[in-house]
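If you're matching positions, the sequence shown starts at 716 in the working numbering and goes up one per residue.
What follows is a single structure, written as structure tokens, with notes after it.
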Amino acid sequence: MKLAIFSLLFCSLPAFAGGTLDRKLSKAEMVELLPAYVAFIDTKSAELPSPSDNQTLRMVARSMESFTRATFSEDKNGGLKIIGQESYELSSILGMMENALKEIKEVSTAERVANTNSMLEGFRDFRRAKRLRCRLGYSSEYKAATNRIVECSDDHSVAGSGKGDDEGYSDIRKFILSIDAKTLRPVGVLTLEHFLAG
């Protein structure tokens, strides 16, 4: 069970780490291919990790890279000062991982599909989208045909007004698919993401 948890979390790390993006899809390609990409995701959304699931998994995966905390000692006045760092106990690490997986397991299939549908909304009506683009690339430094990918992003971010505390916010929806190198048609879903900040 513990090994399965570690494997799942490491698999949740970016599917294109070390990869490259080389060109944008043309408008004609977008008209032809984007509906096919969205339809392909729709056929798999009940089984795939939703954007919300991936956010939880990535948060824990990033934490796994540095499971450390500060160590303290008491000074002469009875206060605490940081003197170094140490690892968390294994039980604490496993507990955090198991809690994250429990949170994901409690999400119903209907909720998971709804979360993915919400992320895809702008891609479905892409002719009206102002900041939507798709770029071709490779999932690794090796430019093999089987590593061909497409990354599509839909940016709903709002810039701040510069007045008071209005700093705006970031709202970017994104998916990455594995595609056939010749036809650019989808063959697999790599990740579904929804980044919110601000």
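Quick reminder that beta carbons are idealized off the backbone N, C-alpha and C, glycines included.
- No residue range can be given for Ser781, since it is assigned to no beta strand (DSSP E) and is classified by DSSP as neither H nor E.
- Three or more Cβ pairs closer than 8 Å define a contact, and the stretch 845 to 859 falls short of that threshold against the stretch 821 to 833.
- Here Glu882 carries a coil assignment [DSSP, helix/strand/coil].
- Burial state of Glu780 is exposed, judged by a 10 Å Cβ sphere holding fewer than 16 other Cβ atoms.
- Contact between the stretch 787 to 801 and the stretch 749 to 757 is absent, with fewer than three C-beta pairs closer than 8 Å.
- For the options Glu744, Arg827 and Tyr803, the alpha carbon positioned closest to that of Glu762 is the one of Arg827.
- Counting C-beta pairs closer than 8 Å gives three or more between the stretch 859 to 870 and the stretch 885 to 901, which meets the contact rule.
- The C-beta separation of Leu907 from Asp886 comes to about 15 Å, leaving the pair out of contact by the 8 Å criterion.
- For Arg827, the enclosing alpha helix (DSSP H) begins and ends at Thr824 to Arg839.
- Annotated three-state conformation of Arg900 is coil, per DSSP.
- Excluding the 5 residues flanking it on each side, Ser765 has same chain C-beta neighbours closer than 6 Å at Arg827, Asn830 and Thr831, in chain order.
- Its chain contains Ala896 as the residues whose beta carbon lies nearer than 6 Å to that of Ala860, once the 5 sequence neighbours on both sides are disregarded; these appear in chain order.
- Listed in chain order, the non-local C-beta contacts of Arg839 below 7 Å within the same chain comprise Val753, local neighbours out to five positions each way being set aside.
- In this structure, DSSP gives Arg777 a helical state, which the three-state scheme calls helix.
- Beta-bridge partners assigned by DSSP to Asp757: none are found.
- Contact between Leu905 and Leu736 is ruled out by a C-beta separation of about 13 Å, above the 8 Å threshold.
- Apart from the 5 residues on each side of it in sequence, Arg846 sits with its Cβ closer than 6 Å to the Cβ of Asp870 in its chain, given in chain order.
- Closest in C-alpha terms to Ser778, from the list Ser788, Glu747 and Gly810, comes Gly810.
- Thr898 and Ala785 have their alpha carbons spaced roughly 53 Å apart.
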